[in-house]
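Taken in sequence, the protein lines are chains A and B.
Under UniProt numbering, the letters of the first sequence match residues 1 to 660, in that order.
Under UniProt numbering, the letters of the second sequence match residues 1 to 568, in that order.
Where a beta carbon is used, it is the ideal one built from N, C-alpha and C, also for glycine.
Notes follow the structure.
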Amino acid sequence: MKKYPFKFLDSYQREDRNVFFGRDEEIKALYEMVFQSATVLVYGASGTGKTSLINCGLAGKIQRHDWLDLMIRRGSDINKSLKSVLEKAGGKVDEAFDETKYLDEWEIDTDGSGQELTPISKSIRAVYQRNFRPVYLIFDQFEELFILGSLSEQQIFIETIQGILQSGQPVKLIFSIREEYLGYLFDFERAIPQLLRKKLRVEPMNLEKVKQVIFGATAFEGSNISIKEGEEDAVAEGIFHKIKGDKKSLTIQLPFLQVFLDKLYLNITGDKKREKPAEFTSDKVNEMGEIGDILSNFLEKQVADISRELISKYPILNPGLIWKILSPFATLEGTKDPITKEELFERLPDLDQKLVNDVVEAFSNNRLLRYNENTDTYEISHDSLAKPIAERRSVEETALLEVKRLIKSQIGVSEEAREFFSEKQLIYIEPYLTKIKLSEEELKWIANSRESLKKEKQREAKQKYEDLVKSKKSMFLKVAVGVFLVIAGLFIFIAFKAQKSANDALEAGKEVTIEKNYSDELIRLLLEGKGDKYENLSEDDLKGLLEMERVAPIDSLVEIRASVSPSNTLSEGKKNYNFTFWLELPSFRKNEIKEVSYNFCKGFYDSIRTSRDQTSSFSIGYLGWGVCDTIGVDIVLENGTTIRKKFPFKEYISKRLPTE
Amino acid sequence: MKTIRIFIASSSELKGDREEFRAFISRENDRLHTKGIYLKLEQWEFFKDSISSTRLQDEYNEAIRQSDLVLCLFYTKVGKYTAEEFYTAYEIFKAQGRPRIWTYFKNAAINVGAITDEINTLLEFKKKLGELGHFHTEYTSIDNLINKYRSQLDMILPEYESDSRPEQVETVNESSDEKEEGPVENSFNEVLTKNLLEAISTHNRKAGDFLSANADWAENEDLVKTAKRIIIGGYVGVIGGQIRKLMSIGAEDYSDSKMMRYLENCQITAKRGLQLICYAMLSRLWDHQLADKIEFSSSQKDGLVKFFRNAAEEDILAFVELLGHLLEIYTDNKLDFLISESLNLLPRLQEGGDIRNACLKLNESSQLLKNASYTLEDCLEAEKNLSVVLESLSFLSEYRMISINEIDFNQQRNDHEGLYLHNYTLLVGESLANNESQSSVRRESSPVISHAVIIFKDNYRNNINLDPFIIDLNGLKLEGGSKICFYSHANTYDDLSLNYSFIEDNSKEIIKKSSNPRPSDSSLNVLNSWLSKKENRIDMNLDKVYSLFFEAKKDLTGVEEEFAEDSF
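As structure tokens, this is what we get:
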């Protein structure tokens, strides 16, 4: 039977060596290297085919009895993954037999200067002893250790590798890493100097290599694809230029080529079974038209197909929802992020788990998601597909991921060296805290940061107060002193939740709270620089004013406020900002409000956003560049009535946009 | 269309999972038919519970025997028949290396009230699996099972895909169906391990100690593995490496490719053993010849000329002949030879001698390989013949081979004598694949010839330098690791380049005379600046190998470097 020679997005395996073309030089170089060093590093841009080069190119050059390859992906922890892969390969260590008594002077060399083997090295020995094949530990997507792994995980791994290299066991280590992460290897290389001694860069496909791939795949006997005689070069060049588009680059990405060739075949034959023979001609290549973002289009089609497939079971399912389900599989930068189903459910708390499950299964069935048994995770089959997923994310989803990363990176540092979240960071992460699941340590650190910030603010307040003391009249001072003493737990108005203790205090007694709020309010007004109008008031007038604020209808007191601060991120090529909204009203009246809904205009991912958090003055925030002309704000009171307000957001914010 | 038979067995409580699994297989088939693969599910549960007659049992065993993959699912109990199914499959697997068996234990919440004594059958069975050394996997839900199995299928299906490709090297040939009829017992390596362990036990302390401490080693799987390691590590470097390959092929599941590679490697191993002795003798003979020229008989001279002029790799019999000539020369002229044990081999190499006969038979495998008409018996026969050759060379386990790289001289102020640091790589069969830990340094008070592969017994100083017959190409190219190459042949009738065989994969490495000769010593500045470049030093090293070969040729045969005549 004739065979379809393209692999689409699958990586090539040992068995595909007869249809693996365009990498002869690299295979030869890599093969030489494995005899020159126990560690070899393979690096290159995403989509250059590093994994195929190792699994198919190198493996195909080594005889089966000389090659026992164990692929190790980081999973949740690279050290656990390594252990588990070895155990599955038969690396269970049998302690019963002591071989050391047979060692002699010369064999000490082979067993690592007489040191006892580490557990991992013993495990490798056990794997080797099962079938006497040299073991190749292949650390694929090694960058994950540095992107996702903690420092201690990295440290343990370095020590493990040192142990393996000293063990004298028949084992080789191949690390495959995306080139933009090479810099992360600095510490690793310092500990293992030979790491970078033998390294191979896998270049993207240039025209010459593309020709080799196309000619090879069409020329081998048994291929169901041929090229029209005399048009070989024209076809190959046509394909290359179609994919390259008007980019100035001399190379193209391998997955694009594979997807393009598949599409070309389908255009010619229409045979989804890929059995019919096809003849590639210049005309057919030209008919393909401008491809644009091939992978993006491809993925879009898959999403639409799956949506159609499952719509009868889940009427609410639409492509937008599927993109949302795919989102957690890509990192912020658009690389793969392997996650377990449980993590996925946690990331998508609003969605029916059955639906999520079926979508994941559908993507697994067409091999766009892959399941990794060792780590129990799913991941997108190719980095090049992670990019379009990341690009389809809503601003809110992106912000959620940024928040998550921000928290993770801070907590990743050991506690002694760790810094508290700044006020700006806390404001930024606050609106998203309910939407992400955090570890106890992370929650604790956020709470500690708030506490620290609160203390700092109190110090500042005290300072301002002392300054006031020096400059203001004694009457006012008397009031202020009294007020200040009441407010030991002063909490400056910033747009984030007060600590739990503050809430507890609120609940302790309404009277106490309101008294405290009076004081808070006064100090707040003073400190916000709005105190001038109170400065010359008598104590009675002051009390009168506060009384008015206490009894006036709440809708006459409420004002809508917004703030904006710059963000370093971009979306759709535009600079993002952090926008925050809140209600301005005397804090002792906040408890009359149940919830506040902000109604955004068309174009926003969630058009209605609601806050029930009085400690943050019912604030909400978003990251992005879009601004509505007006925002409808519905303030629902505890007594059931709703106050509707219009907020001329665009006008308000235009005066406040930060300048560069 | 290639049909893969999957046999699924489970207790009745997992009927639901089995149904879902069936649906998964059907979905997989939708996808796989484009690759020419069909997964056929064999489910016997419909009448398995009522199985009673022998006829049915036989029929059932036959179904497993015909299967490619067996999947056993367990939950809270292991039904009698399910366990039987597993054992049957396992026995068949042991016998014929097929079918592949997966056991999955469902690890899901169960109602405590529902636990009965039957749970003991599960615990018992798990224990039994452990004893058999069989790995099992757990699954939490049907989705989890399907995911795990899908990954397994993704891993193994390419093998079946490749089988349907005519150009595939490792394709099972047409006649393989016939061979698979009966169970095949995997007795590969048995003779080799037993004979070689005993043979080296008198030369190698480790093997001797092991044998005396474990007389019953052959009964214990772990000890058999250790015995194999002792043999691999015991035989001198390059031969140990070859034996490692045979042990590895021997451990594989039954396949056509396995037999083919086993036959090939039996041949190569025997040849490398003979080559090693020949090359050591040639090398030493050259030293003798330089010191005190001796005359060879005409047949001896012809033998040497034939070796130096050969324009294609010689077969195993040619090395039997060459070794015969060399042994005669040494005996006739009473020449000393470090590997003196080999001097006793002469009668066994002559007409009717056991080594000669074994090599004759090993040589015949070439024809079998060419016609792809080998059987299991051929492999076992080759193994016996190889063990005759290797037993005769068992004294090699007293020798060591190292590849000397650079020699550093270190002498500092007020030191009376400097230190020579010999950087070398110990060539050990088992660790050939590794090299980082073997690169070692040895302190000596005098230098030694660098960039050479040497063989020695107990005294490192008393060695035979195997250059230019056995070289370390990585050492010569100033790279790390070692790439040991055996001289193969010269392009005598062409450009006179030298062909070497890399012992790991028998690939060809060519050494040509470079067009970058070392400047003469007369102009020191020119020479120094030339030597400062690494590429030049590599050319110098390779040129040296090249010229050494032709010097040896001239000194041993009297034949000068010949250039092919242009006959047009």
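- Chain order gives no chain B residues near A:His382, where near means a beta carbon separation below 8 Å; the closest approach is about 15 Å.
- Remark: C-beta atoms of B:Lys477 and B:Ile538 approach each other more closely than 8 Å.
- Beta-bridge partners assigned by DSSP to B:Asp472: B:Ile484.
- With its beta carbon at least 8 Å from every one in chain B, A:Tyr314 lies outside the interface.
- Only exposed fits B:Met155, as fewer than 16 other CB atoms lie within 10 angstroms of its CB.
- In the three-state DSSP reduction, A:Leu200 falls in the strand class (E or B).
- Between B:Leu426 and B:Arg400, the alpha-carbon positions lie close to 8 Å from each other.
- A straight line joining the alpha-carbon of A:Arg133 with that of A:Lys408 spans about 41 Å.
- Of all residues in the region 463 to 495 of chain B, the ones placed with a Cβ closer than 8 Å to any Cβ belonging to chain A are Asn474, Glu479, Gly480, Gly481, Ser482, Lys483, in chain order.
- Runs of the beta strand (DSSP E) spanning 3 or more residues and lying entirely within the region 60 to 86 of chain A occur at 68 to 72, in chain order.
- For the 8 Å CB-CB criterion, A:Ser121 and A:Asn55 do not form a contact.
- One thing to note: B:Leu498 has its Cβ no nearer than 8 Å to the Cβ of B:Phe456.
- In this structure, B:Ile470 is the residue among B:Ser482, B:Ile470, B:Lys533 with its C-alpha nearest to the C-alpha of B:Ile511.
- Contacts between A:Glu309 and chain B, judged by CB atoms closer than 7 Å, are missing: the closest CB pair is about 12 Å apart.
- Only residues of its own chain outside the window of five on either side were considered, and among them Arg178, Asp383 have a CB closer than 6 Å to the CB of A:Ser46, listed in chain order.
- One alpha carbon belongs to A:Pro319, the other to A:Ser307, and they sit about 6 Å apart.
- With respect to the C-alpha of A:Gly149, the residue from A:Ile411, A:Glu189, A:Phe345 having the closest C-alpha is A:Ile411.
- In the three-state scheme derived from DSSP, where H, G and I count as helix and E and B as strand, B:Arg356 is classed as helix.
- Sequence-distant partners of B:Gly79 (beyond 5 residues in either direction) whose C-beta falls short of 6 Å from its own C-beta, in its chain, are Ser11.
- DSSP, reduced to helix, strand and coil, places B:Ala215 outside both helices and strands of the structure shown, so it counts as coil.
- B:Ile510 has B:Asn499 as its beta-bridge partners, per DSSP.
- DSSP, reduced to helix, strand and coil, places A:Thr281 outside both helices and strands of the structure shown, so it counts as coil.
- Taking 3 residues as the minimum length, the beta strand (DSSP E) runs contained wholly in the region 161 to 231 of chain A are 171 to 178, 199 to 202, 225 to 227, in order along the chain.
- For the region 338 to 357 of chain A, the beta-carbon criterion of a distance under 9 Å to any beta-carbon of chain B is satisfied by Lys341, Asn357.
- Going by beta carbons, A:Ile243 and A:Leu257 fall inside the 8 Å limit.
- When Cβ-Cβ separations below 8 Å define contact, A:Tyr371 makes contact with chain B.
- Distance from the CA atom of B:Gly324 to the CA atom of A:Val19, rounded to whole angstroms, is 47 Å.
- Residue pairing by DSSP places B:Ala452 opposite B:Ile404 in a beta bridge.
- Between A:Glu549 and A:Leu557, the CB-CB gap stays under 8 Å.
- Against chain B, the beta carbon of A:Ser364 has neighbours under 8 Å at Asn147, Arg150, listed in chain order.
- With its beta carbon less than 8 Å from one in chain B, A:Glu275 belongs to the interface.
- Bridge pairing for B:Asn463: B:Phe456 [DSSP].
- Judged by their CB atoms, A:Ser381 and A:Leu401 are not nearer to each other than the 8 Å cut-off.
- In the structure shown, the three-state DSSP call for A:Ser565 is strand.
- The beta-carbon separation of B:Leu393 and B:Thr269, rounded to 10 Å, does not stay under the 8 Å limit for a contact.
- According to the DSSP assignment, A:Gly626 belongs to no alpha helix (DSSP H), since it is labelled neither H nor E.
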